[in-house]
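J.: Quick one: this structure, given as structure tokens, is what I'll be asking you about.
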Amino acid sequence: EAQVTQNPRYLITVTGKKLTVTCSQNMNHEYMSWYRQDPGLGLRQIYYSMNVEVTDKGDVPEGYKVSRKEKRNFPLILESPSPNQTSLYFCASSRQRGGVHEQYFGPGTRLTVT
Amino acid sequence: KNQVEQSPQSLIILEGKNCTLQCNYTVSPFSNLRWYKQDTGRGPVSLTIMTFSENTKSNGRYTATLDADTKQSSLHITASQLSDSASYICVVFEGGSQGNLIFGKGTKLSVKP
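Those protein sequences? They're chains E and R, same order as listed. Note that this note's numbering has the first sequence beginning at 39, numbered continuously upward. Note that this note's numbering has the second sequence beginning at 8, numbered continuously upward.
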């Protein structure tokens, strides 16, 4: 089954404790991205990757890092989480960035930073 | 500035009724427009994708329209069901080599029995 998976689905952590949210897709998609979703603000892009070893900042990259060492994986790293990073995070992938290719979203990771 | 505005913010309807959600955009250049359905706590799922040349597209009880001249789109839901309760997000894909996805903030639809 074609899918995007994220782990963990729920995470409660403390300020400053490094964490990684994993994202994996089994569709051989080139394009992957991370979003955060906050009430009243909708989905905002954090980082994206157009292919292996190619990453770029989205609209709200501060406080986040990503890596794309393999095509299927695109982890999101919070080196020193802060309470304002409490949010619902979604990973997404698509065949390429342009055109009308459908974007598939993961199930989401709810992060709480205390 | 490229923007996508959705209305209403929220909507409550009775099961079996029809409803229409609106999306206005100022994105240029335009590549395509997408409607997503997002159940609470889950990732968005694509309903329709429409390019510049398409002015209507259906997916079961969901029908999307696009007027590229006025930069407006609508999503019409026919004979609503309780399972239609969700947020509906309009997303415009910017054209060009650096195209971005511009997200609306969504319309939260509640279908009551």
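Where is the CB? At the ideal position from N, CA and C, for every residue including glycine.
Is it true that the stretch 101–121 of chain E meets the stretch 31–51 of chain R, where meeting means three or more beta-carbon pairs spaced less than 8 Å apart?
T.: No: the two stretches stay apart, fewer than three of their Cβ pairs being nearer than 8 Å.
J.: Along the chain, where does the beta strand (DSSP E) containing Y102 of chain E start, and where does it finish?
T.: Working through the first sequence from its first residue, we reach residue 102 of chain E at position 64. Where Y102 of chain E is concerned, there is no enclosing beta strand (DSSP E), given that its DSSP letter is neither H nor E.
J.: Does the beta carbon of F143 of chain E come closer than 7 Å to any beta carbon on chain R?
T.: Numbered from its first residue, the first sequence carries residue 143 of chain E at position 105. Interface residue, yes.
J.: Starting from S118 of chain E, trace the beta strand (DSSP E) in both directions and tell me its first and last residue.
T.: Locating residue 118 of chain E in the first sequence gives position 80, where the first residue counts as 1. First-last for S118 of chain E: undefined, no H or E at that position.
J.: Ordered along the chain, which non-local residues of its own chain (more than five positions away) have a Cβ less than 6 Å from that of S117 of chain R?
T.: Walking along the second sequence from the start, residue 117 of chain R turns up at place 110. Within the same chain, S117 of chain R has close Cβ partners I19 and S92.
J.: Check whether chain E comes within 7 Å of F35 of chain R, counting only Cβ atoms and requiring the distance to be less than that.
T.: Here residue 35 of chain R corresponds to residue number 28 of the second sequence, with the count starting at 1. The identity of residue 35 of chain R in the sequence shown is Ser, whereas the question assumes Phe. With 7 Å as the cut-off, S35 of chain R does not count as an interface residue toward chain E.
J.: Below 8 Å on the Cβ atoms is my guess for M88 of chain E versus S131 of chain E; work out the distance and round it to an integer in Å.
T.: Here residue 88 of chain E refers to the residue found at position 50 when the first sequence is read from its first residue. Here residue 131 of chain E refers to the residue found at position 93 when the first sequence is read from its first residue. In fact, because the Cβ distance is near 11 Å, the residues do not count as touching under 8 Å.
J.: Just to confirm before moving on: does the CB-CB distance between Q29 of chain R and S87 of chain R stay below 7 Å?
T.: As a working note, residue 29 of chain R is residue 22 in the second sequence. As a working note, residue 87 of chain R is residue 80 in the second sequence. Going by C-beta atoms, Q29 of chain R is not nearer than 7 Å to S87 of chain R.
J.: Can you find the residues in the same chain that come closer than 8 Å, C-beta to C-beta, to V90 of chain E, ignoring five residues on each side of it along the sequence?
T.: Locating residue 90 of chain E in the first sequence gives position 52, counting from the first residue. Cβ neighbours of V90 of chain E beyond the five flanking positions: R106, K107, E108 and K109.
J.: Quick check on F112 of chain E - is its C-beta less than 7 Å from some C-beta in chain R?
T.: Along the first sequence, read from residue 1 onward, the residue named residue 112 of chain E stands at position 74. No, its Cβ sits nowhere closer than 7 Å to a Cβ of chain R.
J.: For S118 of chain E versus G78 of chain E, is the C-beta distance shorter than 7 Å?
T.: To locate residue 118 of chain E, count along the first sequence from 1; it is residue 80. To locate residue 78 of chain E, count along the first sequence from 1; it is residue 40. Their beta carbons are not under 7 Å apart, which means S118 of chain E does not touch G78 of chain E by this criterion.
J.: With H83 of chain R as the anchor, note down where its beta strand (DSSP E) starts and where it stops.
T.: Within the second sequence, residue 83 of chain R is the residue found at index 76, counting from 1. That run of the beta strand (DSSP E) goes Q79 to I84.
J.: Quick check: what's the CA-CA separation for A71 of chain R versus L149 of chain E?
T.: On the second sequence, position 64 is the one that residue 71 of chain R refers to. On the first sequence, position 111 is the one that residue 149 of chain E refers to. Cα to Cα, A71 of chain R sits roughly 34 Å from L149 of chain E.
J.: Are any of the Cβ atoms in chain R nearer than 7 Å to that of V59 of chain E?
T.: Against the first sequence, residue 59 of chain E aligns to sequence position 21. No, V59 of chain E lies away from the interface with chain R (no Cβ there is under 7 Å from its Cβ).
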